[in-house]
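Asks: First the structure, which I've put down as structure tokens, then a few questions once you've had a look.
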Amino acid sequence: MQMTVIALPDGTIQILGDEGPFEAASQATERVLALLAEQGVPVELVGEIERHRADVEHVHLQEEVRRDQ
Amino acid sequence: MPCNLAFSIAKAAVPSAQLRALLTADAIKEVVSVYLQRQYAGLSPTLLEASGSRARYRLGTLTLTITDGAVKLAGTRTGAVDADALLTNVSELLTQLAGRLFQSRVQDALAGVTTRARMAAVQGRNQQAAVFTINI
């Protein structure tokens, strides 16, 4: 399943399920959290995995810039 | 990513202690040294010690110590430098560095499932987000 992970410099991340249904996206989110923990990034879920609605606060991204890899 | 394509949203955070733990002496010594050399060249900054979670620098009559990301200044304040500004500037540098290190750790952790990685400005915040499209 395709997901988008947004890592912010304040130590928070947002995990967006790009595809439905919600239950599958929710399970994929749990897999992302488990993968991060396995790899030594111990992020803790803040609140619940939510269905996307206009009133769910989350970051919006502006222009993209190049990332050195 | 246009948010109208998102089906689910989850927020997570790394504990602040874990974020500070990224600021090891090895991770910070070069960045801080370059910063001090550029900004405070007149004080001839010198790295005295870098081990574990602690790095120590001499700047003129001052000693700057960074332990677990916390910055302290000791010594005689001569007026050659605004010591409070120095503390603030180095603290801000470390905060930025911790953020970049965190984003790099996430990038490394997701490397096996990432199909696209990029940086993007966050609307309404003076922040750069590391954005990863993954298949999982």
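Protein chains in written order, with my numbering: chain U, 1 to 69; chain E, 1001 to 1136. Quick reminder that beta carbons are idealized off the backbone N, C-alpha and C, glycines included. If you're wondering where the values come from, they're calculated on a predicted model, not measured in any experiment.
(1) Measuring alpha carbon to alpha carbon, tell me which of Thr1133/E, Ser1091/E, Gln1096/E and Ala1025/E ends up nearest Val1071/E.
(2) First and last residue of the beta strand (DSSP E) that includes Glu44/U?
(3) Which chain U residues are close to Ser1053/E, counting only those with a beta carbon under 7 Å from its beta carbon?
(4) Tell me which residues of the stretch 1010-1043 of chain E have at least one Cβ-Cβ distance to chain C shorter than 8 Å, keeping chain order.
(5) My output table needs one value for Val1031/E: the three-state DSSP class, helix, strand or coil.
(6) Applying a beta-carbon distance threshold of less than 9 Å, which residues of chain U neighbour Asn1135/E?
(7) Mapping DSSP to helix, strand and coil, what is Thr1088/E?
(8) Could you check where the beta strand (DSSP E) with Gln1128/E kicks off and where it finishes?
(9) Can the beta-carbon of Val32/U be found closer than 7 Å to that of Ile15/U?
(10) Which residues share a DSSP beta bridge with Ala1055/E?
(11) Specify, as a first and last residue, the run of the alpha helix (DSSP H) that Thr29/U falls within.
(12) Consider the Cβ of Glu23/U: report whether some Cβ of chain E lies at a distance smaller than 7 Å.
(13) CA-CA distance, Pro21/U and Pro9/U?
(14) Let me check one thing: in DSSP terms, what residues is Ala1117/E bridge-paired to?
(15) For Leu1036/E, name the three-state secondary structure that DSSP assigns.
(16) Less than 8 Å between the CB atoms is what I'm expecting for Ser1053/E and Thr1067/E, so what's the real figure, rounded?
(17) Looking only at its chain, what residues have a beta carbon closer than 8 Å to the beta carbon of Leu1094/E, apart from the 5 residues adjacent to it on each side?
(18) Suppose the cutoff is 7 Å on Cβ atoms and the five residues either side in sequence are ignored; what does the same chain contact list for Gln1018/E look like?
Replies: Well, looking at it:
(1) Ser1091/E
(2) Glu44 to Arg51
(3) Within chain U, no residue comes near Ser1053/E; the closest Cβ sits about 17 Å away, beyond 7 Å.
(4) Absence of chain C from the displayed structure is noted, the protein chains being U and E.
(5) helix
(6) Met1, Gln2 and Met3
(7) helix
(8) Gln1128 to Asn1135
(9) yes
(10) Ala1050/E and Ile1066/E
(11) Phe22 to Glu38
(12) no
(13) 30 Å
(14) Phe1132/E
(15) helix
(16) 6 Å
(17) Leu1023, Ile1028, Val1032, Ile1066, Gly1069 and Val1071
(18) none
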